[in-house]
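Taking it in order: structure first as structure tokens, then the write-up.
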Amino acid sequence: MTPDKESLYNYGVDLKPFLDTAFYKPTMLHRTIHSKEEYLCNIALVLIVPNNGAVVTGFVLKGQDLFYSISIGKQIDSALIPCGQIVFKK
8 MTPDKESLYN YGVDLKPFLD TAFYKPTMLH RTIHSKEEYL CNIALVLIVP
58 NNGAVVTGFV LKGQDLFYSI SIGKQIDSAL IPCGQIVFKK
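Note that the sequence shown covers residues 8 to 97 in our numbering.
Below is the structure:
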């Protein structure tokens, strides 16, 4: 994703063809972000949870381990999904 696509519907990505072809395929992202640089990415979460409250998601960093956190109102207090690591180099 690039900053110019942030304001576009679905960030300028045509989601249906992507989901039709890549939904069950594993993905991986390995990126080096240098000091004073930024990197944008979009994480899609497809959920159908009727009448169970708000769905809240976000990244959690524990040491160098990165997790994706999901909370679903009345159904799931909090779940952590391991996503990899962020390695800080000097």
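Ideal Cβ placement from N, Cα and C applies to all residues, glycine included.
Cβ of S78 within 8 Å of Cβ of V63?
Against a cut-off of 8 Å, the Cβ pair of V63 and S78 comes out as a contact.
How would you write the range of the alpha helix (DSSP H) that D72 sits in, first residue to last?
Segment 72 to 79 is the beta strand (DSSP E) holding D72; no alpha helix (DSSP H) there.
Please list the segments of the beta strand (DSSP E) lying wholly inside the stretch 37 to 67, counting only runs of 3 or more residues, in order along the chain.
Segments of the beta strand (DSSP E) lying fully in the stretch 37 to 67: there are none.
How would you write the range of the alpha helix (DSSP H) that T28 sits in, first residue to last?
Note, T28: alpha helix (DSSP H), 22 to 29.
Tell me the DSSP bridge mates of L87?
Answer by DSSP bridge pairing, in chain order: S76.
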